[in-house]
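Q: Residue numbers (my numbering), protein chains in the order written: chain F, 1084 to 1495; chain G, 1084 to 1495. Provided herewith is a single structure, encoded as structure tokens, for subsequent inquiry.
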């Protein structure tokens, strides 16, 4: 390929605590604010941007708006004519946009691509929004007529762990507690001012409603409005940019590995298929190990930070063993030993993750990649993991149907 | 780039006259049928497929189903784990999926990609469906509370031609007549059995309702259900395939040029911006001339066939001068002189185009590319343009907001 190396040039995240529906702002206004913030944050010359790739899950349902790529041409007169596209793979839409941007750079088609992940969800109440989320699964078979289908699907993931290996819900409560605590250090996190402690995360009842089975409100990421704008670039552009910023190129993070798999869309089929596998979700595991292998990463202990897709506490519980922090089924050990805490051996979600930072669906993958950039460049502020050089992120769509893992690092 | 050359390996189109909603079939069933037809049509070994890219406009609205990439993993046990993604750029979704597949091949990431364009629209009546289509424009500003917003927007395109250059509606009627006549030669065309003649296309009234202004029913492409499955491949794969089929590689069509632009999403802004331009839609023109220049095509007279985006007769009228068949504003001359007819100097839409063949929104760009393949390989049957070697297609999204032009050809 022409440009083997793809660099991350930074970007901007909107404050995920905001309610854009209440502010009466259009989804395009949110994209525009993320774009404008990104220019201030990076000092990129707008005229250098060659294309805009937008990750969005369901603007048509939440905002009665599709064709989101097109709005980019409106942000600056220099953008009229620029190629744009919108990507969707349910909650992995953001990572898919980044993945395709990487391919376009490697092909030598564009050398600087603006990747925006965006979702405005607070237009819908939780029942309606929960129903919209059902379109990420096989709606007719798995969600039609079911209230809150996704908490139910990820509840079943916990049930499957319980069946195969045993699962004490206190570990899920601890995952929630850690993510909320981490979020308090992130000035853009949705829940940074919300109350949470272990006892509350364990309560089942009127102060912490049960959504379904083992999934309570505190086990869920929350409905979030947010956008993230990030730049991916060729080595030529990155070298020019590094020079402009007075940095050696070796200090600019780049994508050193990636994995991308699709499992059968139905959750029951995934579980049936994995009956004789070591891992509950082998296709999720494969996305991670493909990324390890492309990055030349031996195992998870070569990583300094993981940002993973904790749409529910059960998905983070799954990520712990799937990344290889423990043997399959033993994720509880990493929780018990404090491995995943901010000062642990391999911190997970110092940003607060989806449960703490928030989960504007199409934005999440881009947010995770931006957080990887921040950790590597030492600009993550109060949620910085000291000395982080190699960061992995896992973004999943549907019930772990689309799985994308990126590993970012520096050559330094 | 690793694989400069990207080849088209053929594919399959569903019968666009079918009503899948009435057949009570899911959108995934339609994708699957297109996929299965494509294997029969091409003799590709399914195990060679490395990824699936899906173009779809608004499955969430028409079918309450997103995450369409994921269904591919269900079609064959060998596809479990395959990377998939869904692309959207309104009515240009199909071309965007193909464009991105091209980039992934050029980057050396995958060497054989299955591109499926799909839309199941007959779930909605025409008022509801027309409203859904509004999400391809700036819905809140251009479509909210407006019945049939898109015929109105493309009516305004005709009005603008009329204002700048004069436009006699008889030329629009002739465009409809030609597309319907061409469709009679296409066994997959939606309107192949429908009545149409010039007099009927001119009638304004009870036998041919006025939708808005100069746009009557006969000026519109119709609500269509359909899917198209096409393969794009690297030179390595194409060489292997050609050998398997007993063909010289030079006989396999490839993408020789492409252009991709985004104009501001609002139609009024496009028109205001072009006030001092030669062309009414300069960003559409740019997509075409970018493709000419990448393909080393001097002008339209180097082409043998054009498949263009006639969502309305006015968009084909626009395409005629934007492709350069006439000077700007003089499209009527090419119509009068028979240039665009099947035996004319440069046939447009021998397939019947969107008006005759049908317009399942997200499938159209892929259908156009498949028709380019058919023309070049001499397999277009009764709508074959004899000796066609170089074919251009133009797929537009929204009110000519996203513009994608591909030119396919052979080296022979």
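Every residue gets a Cβ at the ideal spot worked out from N, C-alpha and C, and that includes glycine.
From the DSSP secondary-structure annotation, give me the bridge partner or partners of residue 1343 of chain F.
A: Residue 1343 of chain F pairs with F:1487.
Q: Answer with buried or exposed for residue 1542 of chain G, where buried requires no fewer than 16 other C-beta atoms within 10 angstroms of its C-beta.
A: In the structure as shown, chain G begins at 1084 and stops at 1495. Residue 1542 of chain G is therefore absent and cannot be evaluated.
Q: In chain order, what residues of the same chain lie with their CB nearer than 6 angstroms to the CB of residue 1271 of chain G, ignoring the 5 residues before and after it?
A: Answer for residue 1271 of chain G: 1096, 1098, 1099, listed in chain order.
Q: With the cut-off set at 9 angstroms, would you say residue 1169 of chain G and residue 1151 of chain G are in Cβ contact?
A: Yes; because the gap between Cβ atoms is below 9 angstroms, this pair is in contact.
Q: For residue 1263 of chain G, count neighbouring Cβ atoms within 10 angstroms of its own Cβ and tell me buried if that reaches 16, exposed if not.
A: Buried, by the Cβ-count rule.
Q: Give a yes or no on whether the C-beta atoms belonging to residue 1482 of chain G and residue 1299 of chain G are separated by under 9 angstroms.
A: In this structure, residue 1299 of chain G does not lie closer than 9 angstroms to residue 1482 of chain G by Cβ.
Q: Please name the residue or residues paired with residue 1442 of chain F in a DSSP beta bridge.
A: Answer is F:1306.
Q: According to DSSP, simplified to helix, strand and coil, what is residue 1299 of chain F?
A: Here residue 1299 of chain F sits in strand by DSSP.
Q: Residue 1092 of chain F to residue 1148 of chain F, Cα distance in whole Å?
A: Their backbone Cα atoms lie some 29 angstroms apart in a straight line.
Q: Scan the stretch 1169-1180 of chain F for residues whose Cβ lies nearer than 8 angstroms to a Cβ of chain G and list them as they occur along the chain.
A: For the stretch 1169-1180 of chain F, which is checked against every Cβ of chain G, the residues closer than 8 angstroms are 1169, 1170, 1171, 1172, 1173, 1179.
Q: Secondary structure at residue 1367 of chain G, three-state DSSP: helix, strand or coil?
A: Helix, per DSSP.
Q: From residue 1122 of chain F to residue 1252 of chain F, what does the alpha carbon distance come to, in whole angstroms?
A: C-alpha separation (whole angstroms): 44 angstroms.
Q: May I have the straight-line CA-CA distance separating residue 1444 of chain F from residue 1146 of chain G, to the nearest angstrom?
A: Spanning the two alpha carbons is a distance of roughly 20 angstroms.
Q: Do you know whose CA, among G:1200, G:1296, G:1167, G:1316, lies nearest residue 1131 of chain G's CA?
A: The residue with the shortest Cα to Cα distance from residue 1131 of chain G is G:1316.
Q: Give the DSSP-derived three-state secondary structure of residue 1473 of chain G in the structure shown.
A: Three-state DSSP puts residue 1473 of chain G in a strand.
Q: Check whether chain F comes within 9 angstroms of residue 1492 of chain G, counting only Cβ atoms and requiring the distance to be less than that.
A: For residue 1492 of chain G, the answer is no, since every Cβ of chain F falls outside 9 angstroms of its Cβ.
Q: Residue 1457 of chain F to residue 1326 of chain F, Cα distance in whole Å?
A: Between residue 1457 of chain F and residue 1326 of chain F, the C-alpha separation is close to 19 angstroms.
Q: Taking Cβ-Cβ distances shorter than 9 angstroms, what residues in chain G pair up with residue 1144 of chain F?
A: In chain order: 1143, 1144, 1147, 1149.
Q: Chain G partners of residue 1343 of chain F, CB-CB under 7 angstroms?
A: Going along chain G in sequence order, the residues near residue 1343 of chain F (Cβ under 7 angstroms) are 1166.
Q: With respect to the alpha helix (DSSP H) encompassing residue 1119 of chain G, which residues constitute its N-terminal and C-terminal limits?
A: Looking at the DSSP string, the run of the alpha helix (DSSP H) that includes residue 1119 of chain G is 1110-1125.
Q: Give a yes or no on whether 9 angstroms exceeds the smallest Cβ distance from residue 1205 of chain F to chain G.
A: For residue 1205 of chain F, the answer is no, since every Cβ of chain G falls outside 9 angstroms of its Cβ.
Q: Along the stretch 1435-1453 of chain F, where does the CB come closer than 7 angstroms to a CB of chain G? Name the residues.
A: Those residues of the stretch 1435-1453 of chain F that come within reach of chain G (Cβ to Cβ, closer than 7 angstroms) do not exist; the list is empty.
Q: Do the CB positions of residue 1404 of chain G and residue 1362 of chain G come within less than 9 angstroms of each other?
A: Cβ atoms of residue 1404 of chain G and residue 1362 of chain G: closer than 9 angstroms.
Q: Does the Cβ of residue 1359 of chain G have 16 or more other Cβ atoms within 10 Å, making it buried, or fewer, making it exposed?
A: Burial call: exposed.
Q: Please list, in chain order, all residues of the same chain as residue 1116 of chain F whose beta carbon is under 8 angstroms from its beta carbon, the five residues on each side excluded.
A: For residue 1116 of chain F, where only same-chain residues beyond five positions count, the Cβ hits under 8 angstroms are 1097, 1310.
Q: Identify each residue in the stretch 1360-1375 of chain G for which the Cβ-Cβ distance to at least one residue of chain F is less than 7 angstroms, and report them in chain order.
A: Going along the stretch 1360-1375 of chain G in chain order, one finds 1366, 1369 with a Cβ nearer than 7 angstroms to chain F.
Q: Quick one: residues in its chain with C-beta nearer than 6 angstroms to the C-beta of residue 1439 of chain G, no 5 flanking neighbours on either side, listed in chain order?
A: Within the same chain, residue 1439 of chain G has close Cβ partners 1262, 1263, 1265, 1266, 1272, 1274.
Q: So with Cβ pairs under 9 angstroms, would you call residue 1187 of chain F a contact of chain G?
A: By this cut-off, residue 1187 of chain F is an interface position.
Q: Whose C-alpha, out of G:1414, G:1370, G:1466, G:1318, is nearest the C-alpha of residue 1493 of chain G?
A: That would be G:1318, whose Cα lies nearest to the Cα of residue 1493 of chain G.
Q: Starting from residue 1230 of chain F, follow the beta strand (DSSP E) in both directions and report where the run begins and ends.
A: Element bounds for residue 1230 of chain F: n/a, residue is neither H nor E.
Q: I want to verify the contact list: residues of chain G whose CB lies under 8 angstroms from the CB of residue 1481 of chain F, in sequence order.
A: Those are 1150, 1153, listed as they occur along chain G.
Q: Only counting runs of 4 or more residues, tell me where the alpha helix (DSSP H) segments fall wholly within the stretch 1191-1265 of chain G, in order along the chain.
A: Those alpha helix (DSSP H) runs which fall completely within the stretch 1191-1265 of chain G and span 4+ residues are 1209-1216, 1232-1248.
Q: For my contact list, residue 1373 of chain G and residue 1473 of chain G are in at a C-beta cut-off of 8 angstroms; report their separation, rounded to the angstrom.
A: Contact doesn't hold; Cβ gap of about 16 angstroms is too wide.
Q: Would residue 1442 of chain F and residue 1295 of chain F qualify as a contact pair, given that the criterion is a beta-carbon distance under 9 angstroms?
A: No; because the gap between Cβ atoms is not below 9 angstroms, this pair is not in contact.
Q: Which residues in chain G sit within 7 angstroms of residue 1045 of chain F, going by Cβ to Cβ distance?
A: Past the boundaries of the shown model lies residue 1045 of chain F; chain F is included only from 1084 to 1495, so the question cannot be answered.
Q: Helix, strand or coil: how does DSSP classify residue 1281 of chain F here?
A: If DSSP states are grouped into helix, strand and coil, residue 1281 of chain F belongs with the helices.
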